[in-house]
Structure formats: C-alpha cells, structure tokens
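**Q** For the sequence shown, the numbering used here assigns the number 120 to the initial residue and increments by one for each residue that follows.
By construction, the Cβ of each residue, glycine as well, lies at the ideal position given by its N, Cα and C atoms.
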Amino acid sequence: MTANDSLIAENLGRVREKIAAAAKRSGRTADDITLVAVTKYVGVEEIQALQAAGCSHFGESRPQQLWQKAAALDPSIQWHMIGHLQRNKVRKTLPLVSLLHSCDSRRLLDTLNQTAGELQLQVPILLEVNISGESAKHGLEPGQVQGLLATAKDYPHLEIRGLMAMAGLEGGTGAAEADFEKLRKLRDQLQKNCPACASLHELSMGMSRDFEAAIEQGATIVRVGSSLFEGIDR
Ligand SMILES: *Cc1c(COP(=O)(O)O)cnc(C)c1O
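#1: How is Glu331 classed by DSSP in three states: helix, strand or coil?
#2: Starting from Val161, trace the alpha helix (DSSP H) in both directions and tell me its first and last residue.
#3: Once DSSP output is grouped into helix, strand and coil, what is the label at Gln197?
#4: Apply the 10 Å Cβ neighbour rule to Val155 and answer buried if 16 or more other Cβ atoms are within range, or exposed otherwise.
#5: Which residues end up in the neighbourhood of ligand 1 when you take C-beta atoms closer than 5 Å to any of its heavy atoms?
#6: With DSSP collapsed to three states, give me the class of Thr148.
#7: Near His203, what residues of its chain come up, given a Cβ to Cβ distance below 7 Å and the 5 sequence neighbours on each side ignored?
#8: CB-CB under 7 Å to Glu349, same chain, minus the five flanking residues each way: which ones, in chain order?
#9: Less than 8 Å separating the beta-carbons of Glu247 and Met200?
#10: Indicate whether the contact test is met: 3 or more Cβ pairs, each with one atom in the stretch 328 to 345 and one in the stretch 285 to 301, closer than 8 Å.
#11: Determine the extent of the alpha helix (DSSP H) in which Glu300 is found, giving its start and end residues.
#12: With respect to the alpha helix (DSSP H) encompassing Val248, which residues constitute its N-terminal and C-terminal limits?
#13: Go to Arg342, then tell me how far its beta strand (DSSP E) extends in each direction, as first and last residue.
#14: Could you tell me whether the Cβ atoms of Gly287 and Ser323 are closer together than 8 Å?
#15: Could you give the DSSP three-state label for Pro314: helix, strand or coil?
#16: Can you name, in chain order, every residue of its own chain whose Cβ lies under 6 Å from the Cβ of Asn232, other than the five neighbours on each side?
#17: Considering only the alpha carbon of each residue, which of Leu169, Arg147, Thr212 lies closest to Pro243?
#18: Please state whether the Cβ-Cβ distance between Phe299 and Ala338 is less than 8 Å.
Now the structure itself:
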C-alpha cells in the first residue's frame, strides 16, 4: 500500500462516518445512501485505491474520461455519468454507465431513448434540475419536469429513477440546504402524478462541501470528489 493509498482509505473512512451520522440525523442509515466517488481529478491508481477500500460506485463528468477509465479498470465498477452529455457522445457512453445523472433536456432524452433501443439497453437515468436557477448551470427548469414525466412512457428504453441537482455556488451551506430542500419538495410534489413506469425515489444531491446537508434534506445519492483526495501526492 502506498502513502497515497492509505490517505485515500482514511479520507474515505471519514466521509463514510459523516454520511452515517447525517443519515442517522435524517432517520435513516448509511445503507440508504449511495456514495458515488467522483474521480474526475485523479487517475486509475487512485480509483483502484478506493476500490480496494470498498468503493464500487464511481462518477465522471466528462464522457471521454469515463470511456478511458472504464476501459482501463475492472468491469465490476458501477459508473455514473454526472456531467453534461453531448448527444454525439451518447452511443459510446450508454453501454458503460449504471446510472446517468445528467439528463437535462428533452432533446437529450429523445437521443438517449433512441440509441438505447438500437443497442438493446435499458438505461437508468435521473432528470437533472436547475434548482438554483443559476444561468451557467445545466438542467431542466423545475416547471418543465412535470410535463416531461407525463410523457415518460414515450421513453421505453429509459428508466427514470429520480432527480439530480447541484446547489448554487453562492451563499454557503445555508443556501445549499435551501436548494436541496427545494429539490426534495419538487420531488414530493411530482410524486403525486408520477406515472407507474417512472420512479422518483432517488435524489442525487450533495458534493464535498455540502453532502451532509444534502443527506439531512433527503439525498439518496451523494457525489463526493475532492474530500476523498485531500492531501495526496499527484
Ligand atoms: C465534480 C463534481 C462533483 C464532486 O465535487 P467535489 O466538490 O469535488 O466533491 C459532484 N457533482 C458533479 C456534477 C461534479 O461535476
């Protein structure tokens, strides 16, 4: 085990403890929360260190990086695509991912469904919502999601599992918490008219700086990157 490997294992242990504590505060257990280790900052060795320490879900925000890392690593890894996906990268990405977090437009959903059909895949997805309203952020407008869900049966090759969002950059933890609460309330509202072919169980929200607040607000999936790699030599 290298020095980096042990630092990564320690960092992971600390993040898991915080996840367990936040889950408990929200009346749940650590098993109710999936940790997606975001590896966009690191290479194959760091991912292997996390795997050895018990991590099995990994997230990338750029498709090319996901392709390269998936090709170099153990096929048992569950990959999560968490960044904006251009339509011309869909065909190569779909066979690799266990959950696509970033479905942010109807055009992308159309392409995903068509390509998944051609590849004979059923693809689990989340609908990304621009909950903070920041113009630089990708995502559906909160008001668009209801209409989209109503047409979920038009996407037979996609399995809608829930919603994903990022908190706004401004305003610190308090503002982030308010964004997470908004997403949960939107989900609760949408659930009243959710078609049987879709589910809104999953809430993918929270990153290194705010994952505890996200869990307290109902996150079922957190996407944590930098906290796992603190102090390592690159
Ligand atoms: C990079 C990234 C993360 C992880 O961010 P950290 O602050 O490094 O934990 C989470 N979600 C998305 C969409 C990202 O791009």
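**A** Let's see:
#1: The count along the sequence shown starts at 1 and reaches residue 331 at position 212. Correct three-state label for Glu331: helix.
#2: Counting from one through the sequence shown, the residue named residue 161 turns up at place 42. Run containing Val161: none; DSSP gives neither H nor E here.
#3: On the sequence shown, residue 197 is found 78 positions in, with the first residue counted as 1. Strand, per DSSP.
#4: Working through the sequence shown from its first residue, we reach residue 155 at position 36. Counting Cβ neighbours within 10 Å, Val155 comes out buried, since at least 16 surround it.
#5: Val157, Ser180, Ile201, Met326, Ser327, Arg342, Val343, Gly344, Ser345
#6: Looking up residue 148 in the sequence shown gives position 29. Of the three classes helix, strand and coil, the one that applies to Thr148 here is coil, per DSSP.
#7: In the sequence shown, residue 203 corresponds to position 84, counting from 1. Correct list, in chain order: Ser221, Asp223, His257.
#8: If you number the sequence shown from 1, residue 349 lands on position 230. So the list reads Asn130, once near-sequence residues are dropped.
#9: To locate residue 247, count along the sequence shown from 1; it is residue 128. To locate residue 200, count along the sequence shown from 1; it is residue 81. For Glu247 and Met200, no; Cβs fall outside 8 Å.
#10: yes
#11: One-based indexing of the sequence shown puts residue 300 at position 181. Segment 291 to 310, the alpha helix (DSSP H) holding Glu300.
#12: Start at 1 with the first residue of the sequence shown, and residue 248 comes out as number 129. Neither: Val248 is in no alpha helix (DSSP H) and is coded neither H nor E.
#13: For the purposes of this step, residue 342 is taken as residue 223 along the sequence shown, with counting starting at 1. Where Arg342 is concerned, the enclosing beta strand (DSSP E) stretches over 340 to 343.
#14: Within the sequence shown, the letter at position 168 stands for residue 287. Within the sequence shown, the letter at position 204 stands for residue 323. Their beta carbons are not under 8 Å apart, which means Gly287 does not touch Ser323 by this criterion.
#15: Position 195 of the sequence shown holds residue 314. If DSSP states are grouped into helix, strand and coil, Pro314 belongs with coil.
#16: Taking the sequence shown and counting its residues from 1, one reaches residue 232 at position 113. Answer for Asn232: Tyr274, His276, Leu277, listed in chain order.
#17: Reading the sequence shown from its first residue, position 124 is the one you call residue 243. The shortest C-alpha separation from Pro243 is found at Thr212.
#18: Residue mapping note: residue 299 aligns to position 180 of the sequence shown, counting from 1. Residue mapping note: residue 338 aligns to position 219 of the sequence shown, counting from 1. Yes; because the gap between Cβ atoms is below 8 Å, this pair is in contact.
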